[in-house]
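For the record, in the sequence shown the residue sitting at position 24 is 24 according to the UniProt record's numbering, with numbers rising by one throughout.
Working notes, structure below.
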Amino acid sequence: MTTEVKICGINSAEAMQSTLDAGADYVGLVFFERSPRNVDLAMARTLADMARDRLQVIALVVDADDALLEAIAREVAPHLIQLHGKETPKRANDVRRQFGIPVMKAVSVAGPDDVRGALAYDGFVDRLLFDAKPRADEPGALPGGNGVAFDWEALAAVERDANDLLADCILAGGLTPENVAEAVRLTGVRAVDVSSGVESSPGVKDAERIRRFISAAKTANQTP
């Protein structure tokens, strides 16, 4: 099975074109002002229009209110909304029902119990993304995109095939062109997500790193 790839934090036409050319399956647009990858609605609409016929557009928000979500739904029309804050299962389900857009919940992971705990969202979201839990001694850390990996054994240790939500999860956190193949082989995930791991500086995507990341992820399970 070929691994699906999401390139998150695209904030320029150049980065979007590089992502399209390299063969990504998903692209993430970040609506969070503290992030160096933040985009406004006008830029997001332009980027989504570039990508719409070739891959799925995902809107990433952090504890967003209904006004922002309504604007994103109207102006960007994403295929999926990624909730990357402290949204509860009820809030996630409310977003899905109110805006008629599938929802993915990002879950912070430090160990296997966090993976199992994500089942609280079963029936309330359409997909899960597992990211590294921000360090407690870094109170200013972003909810994601920090370039920090969690122990992949935490994901590998949990039997996921019996649950569709877990089986279809996306792995994120500290992935790079150099380690993504190992992560895919160890965890058996069907999809991976990267942001800072394909950047030359915070918020600036590197076309060659995008190409190498996607190539490594998609060939990870090929027999030598």
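Positions of the beta carbon are idealized from the N, C-alpha and C atoms, including for glycine.
From a predicted model like this one, the values you see are computed outputs, not experimental measurements.
Where does GLU182 sit, in a helix, a strand or coil, going by DSSP?
One-based indexing of the sequence shown puts residue 182 at position 182. In the structure shown, GLU182 sits in a helix (DSSP, three-state: H, G or I).
Between the stretch 80-93 and the stretch 44-55, do at least 3 Cβ pairs fall closer than 8 angstroms?
Judged by pairs of C-beta atoms under 8 angstroms, the stretch 80-93 does not touch the stretch 44-55, as fewer than three such pairs exist.
Can you tell me which residues form a DSSP beta bridge with TYR121?
For the purposes of this step, residue 121 is taken as the residue at position 121 of the sequence shown. Bridge partners of TYR121: none, in fact.
From SER108 to VAL125, what distance separates their C-alpha atoms?
As a first step, residue 108 is located in the sequence shown; it is residue number 108 there, counting from the start. As a first step, residue 125 is located in the sequence shown; it is residue number 125 there, counting from the start. Using only the alpha carbons, I get a separation of about 16 angstroms.
Cutting at 7 angstroms between CB atoms, please list the residues of its own chain near ASP63, excluding the five before and the five after it.
Here the question's residue 63 lines up with position 63 in the sequence shown. These residues qualify, in order along the chain: GLY85, LYS86 and GLU87.
Need the endpoints of the beta strand (DSSP E) that ASP10 sits in, please.
By 1-based counting over the sequence shown, the position of residue 10 is 10. Here the sequence assigns Ile to residue 10, which means Asp is not the residue at that position. Taken as a continuous stretch (DSSP letters only), ILE10 belongs to no beta strand (DSSP E), as it is neither H nor E.
What whole-angstrom Cβ distance do MET1 and ARG190 have, given they're in contact under 8 angstroms?
The sequence position of residue 1 within the sequence shown is 1, counting from 1. The sequence position of residue 190 within the sequence shown is 190, counting from 1. About 7 angstroms separates the two Cβ atoms, so the contact holds.
Is it true that the CB of VAL115 sits closer than 8 angstroms to the CB of LEU155?
In the sequence shown, counting from the first residue as 1, residue 155 sits at position 155. In the sequence shown, counting from the first residue as 1, residue 115 sits at position 115. With respect to the 8 angstroms criterion, LEU155 and VAL115 are classified as neighbours on the basis of their beta carbons.
Taking the C-alpha atoms as reference points, what is the distance between VAL180 and ASP65?
As a position in the sequence shown, residue 180 is number 180, starting the count at 1. As a position in the sequence shown, residue 65 is number 65, starting the count at 1. Each residue's alpha carbon lies about 34 angstroms from the other.
Going by DSSP, what residue range makes up the alpha helix (DSSP H) through ALA70?
Taking the sequence shown and counting its residues from 1, the one referred to as residue 70 is at position 70. According to the sequence provided, residue 70 is Glu. The question's Ala does not apply to it. Residues 66-75.
Could you tell me the alpha carbon to alpha carbon distance between LEU68 and LEU186, rounded to whole angstroms?
As a first step, residue 68 is located in the sequence shown; it is residue number 68 there, counting from the start. As a first step, residue 186 is located in the sequence shown; it is residue number 186 there, counting from the start. When the Cα atoms are used, LEU68 and LEU186 turn out to be separated by approximately 38 angstroms.
Closest residue to TYR121 among LYS133, ILE214, LYS90 and PHE130 (Cα-Cα distance):
Along the sequence shown, read from residue 1 onward, the residue named residue 121 stands at position 121. For TYR121, the nearest C-alpha among the options comes from LYS90.
Nearest to PHE150 by CA position, among ASN38, ASP21, ALA157 and ASP131, is which residue?
For the purposes of this step, residue 150 is taken as residue 150 along the sequence shown, with counting starting at 1. The shortest C-alpha to C-alpha distance from PHE150 to any of ASN38, ASP21, ALA157 and ASP131 is the one to ASP131.
Buried or exposed: GLU4, going by 16 or more other Cβ atoms within 10 Å of its Cβ?
To locate residue 4, count along the sequence shown from 1; it is residue 4. Counting Cβ neighbours within 10 Å, GLU4 comes out buried, since at least 16 surround it.
Return the bridge partner residues of GLU199 from the DSSP annotation.
Indexing the sequence shown from 1 puts residue 199 at position 199. DSSP output for GLU199 lists LYS205 as bridge partner(s).
Which residue marks the beginning of the alpha helix (DSSP H) containing MET43, and which one marks its end?
To locate residue 43, count along the sequence shown from 1; it is residue 43. Unbroken alpha helix (DSSP H) run through MET43: 41-51.
Quick check on LYS133: does DSSP put it in helix, strand or coil?
On the sequence shown, residue 133 is found 133 positions in, with the first residue counted as 1. LYS133 carries a coil assignment under DSSP once its states are collapsed to helix, strand and coil.
DSSP state of residue 230, grouped into three classes?
What is shown of the chain runs 1 to 224, which leaves residue 230 out entirely.
Should GLU178 be labelled buried (16 or more other beta-carbon atoms within 10 Å of its own) or exposed?
Start at 1 with the first residue of the sequence shown, and residue 178 comes out as number 178. With fewer than 16 other Cβ atoms within 10 Å, it is exposed.
Tell me the DSSP bridge mates of ARG127?
The sequence position of residue 127 within the sequence shown is 127, counting from 1. According to DSSP, ARG127 bridges with MET104.
Bridge partner(s) assigned by DSSP for PHE31
Taking the sequence shown and counting its residues from 1, the one referred to as residue 31 is at position 31. VAL61, per the DSSP bridge assignment.
So, is GLU199 buried or exposed, given that buried needs 16 or more other C-beta atoms within 10 angstroms?
As a working mapping, residue 199 is identified with position 199 in the sequence shown. Buried, by the Cβ-count rule.
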